[in-house]
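Take the sequence shown: its position 231, counting from 1, is numbered 1137 in the working numbering, and each next residue is one higher. Virtual Cβ for every residue (Gly too), placed ideally from N, Cα, C. Only one structure is covered here, and it is reproduced in the block below.
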Amino acid sequence: MTSLRNKIYPYTTRICRLIVLLCLAHPAFTQRDVSYDTAYLSKNFENVAPNQAVYYKVTNTIDNLEFPYVSITFLMNGTPFLVQHYDKKHVLHGFYQQFYPTAKVFVEGNYKHGKRFGLWKKYYPSGTLMEELEIVRPGFYPDGSDKYNVLSFFDSSGVMQVKDGTGWYTEYDMHLQPRHMGAYKQYQKIGNWIGYASDGAKYYEEKYVNGNLIKGTSYDDGGEAYTYKELILDAQPYGSYQSFYAFLNKHLKYPEDAKDFKIEGELYLSFKVKDNGSITDVNMLSGGPASLNDEARRVIKLAPAWKPCLFRGQPSAQNFVVPVTFSSF
């Protein structure tokens, strides 16, 4: 599918024809292994009726490949907007592209089981290179954004502003609105940085020395200011983690069917601590029969509220993964 990198087709039929040709050329499957589905989406990517749609998404399923799902999302005029690959669990995996309304590439890179990795590039509407980033820690920040190194950055006239992690950097969104501005020295933030919200309002002002945050002020949607000296203060249970695990151990009940089969072991559960400290979105990540999973979820949902994460001084949701151990003894 990487041939799309240099062949951006403005019409739906030409892109779909390319997908078909790529599929039929692959030795791992026959034509009957491929199926197609079309969904109509709102501006928030929710399913809607065709006459209410802003986008439509064509997904082809290829049963025998590592990337069994390939989808292209189009504007309703047939201009491509997104190219996405998914693994067998319907998680982003493989090559990804997003396009300007002119069908020229805005951003491209690769996902690995739901997380960005490796080299990512952005381009100006003219097609010239804007920046090259190396993903260091995907999903590092509480808002889900990645920690990365800026390898290079060019202004719109093509003049290099950042080389090998040193220079003045401006991160732009698809509408060419600045989101983050400041200087790097050998991949470390230095001096004053300014961030902007999607509506253009100032989001934060920060000062760095050799990559270390000295002080910062952020602003919420109402304009209220929050000062901070640490970028992230993780959410935590009231009291201590020991008290949290003591609560789990006290309330976990070994399921009867698991006792009969002497089933025991360690499960990993993910959950979200919301900005008000409540726990939600409890999901199993690994292992165990249904009864153990249900019991672990039940107890996690009963746990007392936590102190919420503070991101740039403001309460913020944060995801956690915890082990839950069952034993028949």
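Annotation: glycine 1015 to lysine 1165 spans about 48 Å, alpha carbon to alpha carbon. In terms of Cβ geometry, tyrosine 1125 and tyrosine 1114 do not form a close pair [threshold 9 Å].
In the displayed model, arginine 1022 falls within a strand according to three-state DSSP.
Counting only runs of 3+ residues, the beta strand (DSSP E) found wholly inside the stretch 1095-1155 occupies 1108-1115, 1118-1125 and 1131-1134, in chain order. Taking lysine 1028 as reference, the option from Pro1048, Tyr1078, Val964 and Asp1070 with the minimal CA-CA separation is Tyr1078. Tryptophan 1074 is classed as exposed because its beta carbon has fewer than 16 other beta carbons within 10 Å across all chains shown.
A check of alpha carbon separations from asparagine 1182 across Ala1223, Asn953 and Phe1150 identifies Ala1223 as the nearest. Shortest Cα-Cα distance from tyrosine 1102 to any of Asn1118, Leu1082 and Asn1116 involves Leu1082. With fewer than 16 other CB atoms across the displayed protein chains lying within 10 angstroms of its CB, methionine 1066 is exposed. Inclusion of leucine 1154 and alanine 1209 in the CB contact set at 9 Å is warranted, their separation being smaller than that value. Separation of alanine 1107 and arginine 1218 (C-alpha to C-alpha, rounded to the nearest whole angstrom) is 16 Å. As computed with DSSP, tyrosine 1075 is found in a beta bridge with Gly1088. Take histidine 1157, set aside five residues on each side of it, and the residues of its chain with a beta-carbon closer than 7 Å to its own are Val1205 and Leu1208, in chain order. Counted as a single uninterrupted DSSP element, the beta strand (DSSP E) harbouring arginine 1043 occupies residues 1035-1043.
Here the alpha carbon of asparagine 983 sits roughly 30 Å from the alpha carbon of serine 1063. Judged by DSSP in its simplified three-state form, glutamate 952 adopts coil rather than helix or strand.
As computed with DSSP, serine 1184 is found in no beta bridge at all. When DSSP reads this structure, proline 1221 sits in a beta bridge with Leu1216. Less than 9 Å divides the Cβ of tryptophan 1212 from the Cβ of glutamine 1142.
Assigned with DSSP and collapsed to three states, histidine 991 falls in strand. Counting C-beta pairs closer than 8 Å gives fewer than three between the stretch 1047-1062 and the stretch 966-981, which falls short of the contact rule. By the CB criterion at 9 Å, threonine 985 and valine 964 fall outside the cutoff. Per DSSP, the continuous beta strand (DSSP E) segment holding glutamate 1172 begins and ends at 1171-1179.
If you check the CB distance, glycine 1045 and valine 1056 do not come in under 9 Å.
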